[in-house]
Amino acid sequence: MARIVLSGNLRLYTEGVAELELESGSIRSLIRELRRRYPDIPEDIEDELAVSIDGVLHQDDWFAKIGPDSEVHLLPRISGG
Amino acid sequence: MAAAVEKIFNDTITDRETRDKTLKWVGTRAPRPDGVDKVTGRAKFGADTYLPNMLYGKVLRSPHAHARIRSIDLSKALALPGVKAAVTRDDFPDQPEGAVQPAGEMVINYRDMTRNIMAREKALYEGHAVAAVAAVNERVAGQALSLIEIDYEVLPHVIDVEEAMKPGAPLVREDLITEGVEPVPEAPSNIAKRVEFGHGDLDAGFAQADVTIERSFKTQPVHQGYIEPHACLASFSEDGQAELWCSTQGHYVARGHCARLLQMDVSKLRVTCSEIGGGFGGKTVVYLEPVALALSRKACKPVKMVMTREEVFRASGPTSGTSMDVRIGATKEGRITAGEAILKFQAGAFAGSPVPAAAMCAFAPYDLENVRTIGFDVLCNRPKVAAYRAPGAPLGEYAVESVIDELAKNLNLDPLEFRLQNAAKEGSDSSYGPKFGPIGCVETLEVAQNHDHYLSSLKPGQGRGVASGYWFNIGGQTSATLNLCEDGSVALVVGTPDIGGTRASLAMMAAESLGIELDKVRPLIGDTSALGYNMLTGGSRVTFAGGIAVHGAATDMIYQLRERAAATWDIPVDDVEWHGGQAVAVNGYKEQEGPMGLLDIAKDMAKSGGPIVGRCSTNAQGAGPSFGCHIVDVDVDKETGKVSIARYTVIQDAGKAVHPGYVEGQYQGGAVQGIGWALNEEYIYDENGKVENAGFLDYRVPVCSDVPMIDTVIIEVPNPTHPYGVRGVGETPLVPALAAISNAVENALDIRFTELPMSPPRVLAAIESAG
Chain L
1 MARIVLSGNL RLYTEGVAEL ELESGSIRSL IRELRRRYPD IPEDIEDELA VSIDGVLHQD
61 DWFAKIGPDS EVHLLPRISG G
Chain F
82 MAAAVEKIFN DTITDRETRD KTLKWVGTRA PRPDGVDKVT GRAKFGADTY LPNMLYGKVL
142 RSPHAHARIR SIDLSKALAL PGVKAAVTRD DFPDQPEGAV QPAGEMVINY RDMTRNIMAR
202 EKALYEGHAV AAVAAVNERV AGQALSLIEI DYEVLPHVID VEEAMKPGAP LVREDLITEG
262 VEPVPEAPSN IAKRVEFGHG DLDAGFAQAD VTIERSFKTQ PVHQGYIEPH ACLASFSEDG
322 QAELWCSTQG HYVARGHCAR LLQMDVSKLR VTCSEIGGGF GGKTVVYLEP VALALSRKAC
382 KPVKMVMTRE EVFRASGPTS GTSMDVRIGA TKEGRITAGE AILKFQAGAF AGSPVPAAAM
442 CAFAPYDLEN VRTIGFDVLC NRPKVAAYRA PGAPLGEYAV ESVIDELAKN LNLDPLEFRL
502 QNAAKEGSDS SYGPKFGPIG CVETLEVAQN HDHYLSSLKP GQGRGVASGY WFNIGGQTSA
562 TLNLCEDGSV ALVVGTPDIG GTRASLAMMA AESLGIELDK VRPLIGDTSA LGYNMLTGGS
622 RVTFAGGIAV HGAATDMIYQ LRERAAATWD IPVDDVEWHG GQAVAVNGYK EQEGPMGLLD
682 IAKDMAKSGG PIVGRCSTNA QGAGPSFGCH IVDVDVDKET GKVSIARYTV IQDAGKAVHP
742 GYVEGQYQGG AVQGIGWALN EEYIYDENGK VENAGFLDYR VPVCSDVPMI DTVIIEVPNP
802 THPYGVRGVG ETPLVPALAA ISNAVENALD IRFTELPMSP PRVLAAIESA G
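Rendered as structure tokens:
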């Protein structure tokens with residue numbers, strides 16, 4: 001199962017859970033599953049997120065694949081100058 | 082992208098190393114496509130567009146740092162002959178609480194944005210727009226502003242970030258409850274958000290340390306300092322359609338903002354970006370554009386608006402001023418055992434400082450087991466901050482890299498060796514979480530160690546400093562088309578304003594991918610009607626994401642060219658390959674037909690099926706992070722306190738430098754902005770919260786005589802997700818500069834400065850105080 005790490009302020013919505021293991025094939029299904037488990041996570045949370053899958057950064061990328069052994073970090077969205 | 086084309090595209094990424102050996106254009110110093118227009122004055126910047134019967138718009142700005150607006154009376158202004166329209170808060174529909182949505186790279190709070198472009202309940206900073214007029218000329222518009230009557234109730238204000246965080250501070254927003262803390266505070270404050278990153282056991286880490294150093298830092302707000310002020314021309318027609326010409330980093334993003342603020346269909350607004358005289362993040366947002374459109378809608382005439390330099394300083398996005406505390410522990414052998422940073426950033430009048438990015442970048446150059454960064458986003462009575470080149474990172478890394486330098490000195494270790502011992506590398510857990518892929522942090526340090534600059538001797542009285550820096554880089558939505566012309570030349574259309582030479586780099590990648598001569602590719606920036614959506618030029622993304630789009634469009638075009646050749650030869654498309662800019666029959670058909678070049682296919686394309694257009698619209702992912710290392714030598718005049726830069730070297734990983742000349746220019750430009758930030762630039766406020774130095778005479782950016790020739794070294798650790806290995810290069814060059822210069826001044830004077838800028842009065846006072 002993929003290792004999911006919640007960074008930033010996401011832990012406030014997950015009763016303090018910072019890390020969990022989940023089977024999720026894509027970013028979209030991961031977010032759905034997290035929202036199912038932790039309903040306090042806001043509906044539009046994905047708009048504010050960047051997702052690192054095995055060290056590769058994704059933003060606004062619903063269908064990016066998450067492998068069974070992937071390490072996934074949910075981070076604040078990154079914008080530059 | 083069709084499946085067949087997508088497979089070919091993906092194969093070319095896998096095959097990058099092989100293609101790298103035969104590159105013809107990528108990596109060369111090709112002529113600059115915008116060069117002639119710029120040096121001859123043909124290039125059109127934001128203020129250079131004119132339309133018949135055009136009006137001139139001007140903005141009335143708050144003289145108060147914080148004031149409730151009781152009433153606005155436009156009657157006398159509107160009665161002035163020559164005045165054609167005026168707008169206030171009433172002309173911009175309010176946006177609901179929670180009107181937050183992604184727009185380009187950022188998530189925009191439109192409730193705040195509509196209040197920033199035109200004050201509603203309160204003026205929240207000196208220079209905040211409160212009304213605007215359009216008149217037949219600038220003189221009449223200026224006269225009309227003086228006739229607008231506004232009844233203000235002046236309120237207490239707060240500028241400094243520490244003051245703004247104190248209980249009892251004047252509240253910029255009376256109902257703001259801090260996000261990111263538990264339990265949720267009951268009382269409002271100016272603290273919009275708290276963020277936290279890190280891993281490991283901080284207490285255990287510090288317990289292992291032989292030496293721990295803890296310092297507090299303060300930096301003053303600065304401006305991006307682009308030479309071209311904000312400028313636009315808006316033309317709204319009676320049928321509800323509009324055109325906008327403006328100087329912007331993202332005309333698609335500007336279109337979205339304006340349409341939202343004016344409640345119009347996005348498709349009804351066509352935006353054309355001008356050449357841009359600098360942005361550095363400051364032109365990723367809108368100020369004048371929706372106001373000019375609103376005035377034009379009322380007047381039914383085109384309206385041009387251009388900020389004065391003073392307006393740019395008082396009303397457009399500066400950076401955060403900060404207060405930062407850093408603690409780092411290390412063993413006597415030089416292994417960092419723990420690092421902690423608490424970063425407090427001014428957001429300006431609305432939430433959204435770059436403190437999250439600062440907190441994520443602060444320790445990124447290091448492989449740490451125990452690390453924590455906490456950030457606070459704090460409202461104050463200043464313009465809302467806008468992005469500035471690696472937003473937040475130069476500040477957080479200034480504080481951390483200063484303490485790193487002090488630790489190295491305390492441990493009697495060479496500062497580069499100390500950094501190398503602790504450097505992030507492929508497989509390291511970054512300080513903000515994810516493991517790094519292939520990165521060039523170690524390479525930059527190793528090159529620095531062996532660079533002639535670092536090995537050279539200092540002159541008496543000089544000091545030398547080094548520092549590392551990091552920025553993520555981003556990708557995002559990007560579109561490109563390649564239009565084959567009937568003579569075999571190719572028009573490349575992209576939708577990202579060219580700020581740092583991207584017309585050149587994108588054309589070079591197009592020529593490379595197509596296998597044709599570079600002078601056969603004409604790069605153009607299309608308006609918002611020309612292409613699918615494009616995110617803005619920012620986040621060091623365009624050569625990365627644009628390169629993917631251009632390579633994708635070339636792959637698409639090549640497939641069509643092969644199809645045309647195959648049909649002409651009456652053979653299967655799989656038996657036609659594209660080599661050296663021409664279609665070649667292979668396998669059993671090798672001898673059947675000669676190669677078919679681009680011109681051959683182009684001249685007959687009407688007969689073979691019609692226009693050939695290579696297209697790619699993508700949401701580019703996998704931007705490669707970039708590390709840099711700066712070496713600086715300074716001279717300090719102990720009589721005046723003036724710090725001069727004697728020698729400066731920038732070493733940075735570009736992934737692949739498509740056009741090394743432009744990459745070097747980015748490195749040099751970032752370093753120069755860092756020199757200004759470190760040594761002179763700062764907003765100075767009076768006791769009423771008014772800016773005292775809103776002009777380049779009193780707000781001193783570096784000029785040519787302030788900087789030596791800045792040496793550069795381009796490191797190339799390819800980004801594996803890109804067809805040419807490109808990472809972004811635009812932002813990292815600013816990140817290490819503040820700390821490197823501060824470390825050099827410490828080395829020269831044996832005085833550690835913990836406040837920026839190190840301007841002559843501050844340096845002189847420190848020298849005198851040290852005796």
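In the order they appear, the protein sequences are chains L and F.
The working numbering puts the first residue of the first sequence at 1, with every later residue one more than the last.
The working numbering puts the first residue of the second sequence at 82, with every later residue one more than the last.
Even for Gly, the Cβ is constructed at its ideal location relative to N, Cα and C.
Which residues mark the beginning and the end of the beta strand (DSSP E) in which residue i is found?
i	result
F:Gly544	Gln543 to Trp552
F:Val239	Looking at the DSSP string, F:Val239 is not in any beta strand (DSSP E), and its letter there is neither H nor E.
F:Tyr137	Leu136 to Arg142
L:Trp62	L:Trp62 -> no beta strand (DSSP E), and no H or E assigned at all.
L:Asp4	Note that residue 4 of chain L is Ile in the sequence shown, not Asp. Unbroken beta strand (DSSP E) run through L:Ile4: Ala2 to Leu6.
L:Glu21	Glu19 to Leu22
F:Met187	Met187 to Asn190
F:Ala701	Val694 to Ala701
According to DSSP, what are the bridge partners of residue i?
i	result
F:Glu295	F:Arg408
F:Gln733	F:Gly709 and F:Ile795
F:Lys516	F:Asp510
F:Phe317	F:Ala323
F:Asp154	F:Glu230
Should residue i and residue j be called a contact, given that it needs their Cβ atoms to be closer than 7 angstroms?
i	j	result
F:Leu226	F:Ala315	no
F:Tyr368	F:His332	no
F:Leu680	F:Gly569	yes
F:Leu845	F:Gly722	yes
F:Ala701	F:Ile629	yes
F:Asp685	F:Phe708	no
F:Val547	F:Pro496	yes
F:Ser560	F:Asn615	yes
F:Glu593	F:Val107	yes
F:Arg584	F:Asp115	yes
L:His58	F:Gly514	no
F:Thr670	F:Asp656	Before going on, a small fix: residue 670 of chain F reads as Tyr here, not Thr. A contact, by the Cβ cut-off of 7 angstroms.
F:Gly596	F:Gly662	yes
F:Gly410	F:Ala396	no
In the DSSP assignment, the alpha helix (DSSP H) including residue i goes from what residue to what residue?
i	result
F:Cys461	No alpha helix (DSSP H) contains F:Cys461, which DSSP labels as neither H nor E.
F:His338	His332 to Leu343
F:Ile848	Pro841 to Ala851
F:Glu827	Ala818 to Leu830
L:Arg28	Ile27 to Arg37
F:Gly208	Premise fails: F:Gly208 is in no alpha helix (DSSP H) and is neither H nor E.
F:Glu658	First-last for F:Glu658: Val657 to His660, but that is the beta strand (DSSP E), not the alpha helix (DSSP H).
F:Lys165	Not the alpha helix (DSSP H): F:Lys165 falls in the beta strand (DSSP E), residues Val164 to Val168.
Shorter than 6 angstroms, the distance from the beta carbon of residue i to the closest heavy atom of the ligand HEM, or not?
i	result
F:Glu507	Although the ligand HEM was asked about, the structure shown includes no ligands whatsoever.
Can you give me the Cβ contacts of residue i inside the same chain, cut-off strictly under 6 angstroms, excluding the 5 residues immediately before and after it?
i	result
F:Ile89	Thr636
F:Glu260	Lys274
F:Lys465	Asn197, Gly429, Ala430 and Phe431
F:Pro475	Leu815, Val816 and Leu819
F:Ser586	Thr624, Val739 and His740
F:His338	Val367
F:Cys522	Pro446, Ala504, Ala505 and Phe708
L:Trp62	Ile27 and Arg28
F:Arg408	Glu295 and Glu421
F:Gln530	Leu497
For residue i, which residues of its own chain have a beta-carbon under 7 angstroms away from its beta-carbon, when the five flanking residues on both sides are left out?
i	result
F:Ala759	Ala818, Leu819, Ile822, Ser823, Leu837, Pro838 and Met839
F:Ala216	Leu136, Tyr137, Gly163, Val164, Lys165, Ala222 and Ala225
F:Ala146	Tyr206, Glu207, His238, Asn462, Asn769, Gly770 and Lys771
F:Arg170	Met199, Ala200 and Arg201
F:Glu524	Asp734, Ile796 and Val798
Whose C-beta lies closer than 8 angstroms to the C-beta of residue i among residues of the same chain, with five residues either side of it excluded?
i	result
F:Ile69	Limits of chain F in this structure are 82 at one end and 852 at the other, which puts residue 69 of chain F out of reach.
F:Ile148	According to the sequence shown, residue 148 of chain F is Ala rather than Ile. Closer than 8 angstroms at Cβ, skipping near neighbours: Lys203, Ala204, Tyr233, Glu234, Val235 and Leu236.
Inset, instruction - Report the residue ranges of all beta strand (DSSP E) runs contained in full by the region 248-285 of chain F; include only those spanning at least 3 residues, in chain order. - result: Here the runs fully enclosed are 272-280.
Inset, instruction - Quick one: which unbroken beta strand (DSSP E) runs of 3-plus residues sit fully inside the region 344-424 of chain F? Chain order, please. - result: Fully enclosed beta strand (DSSP E) runs of 3 or longer: 350-354, 384-387 and 403-411.
Legend entry - Ordered list of alpha helix (DSSP H) runs contained in the region 82-140 of chain F, each at least 4 residues: Listed in chain order, the complete alpha helix (DSSP H) runs (minimum 4 residues) inside the region 82-140 of chain F are 84-95, 97-101 and 116-121.
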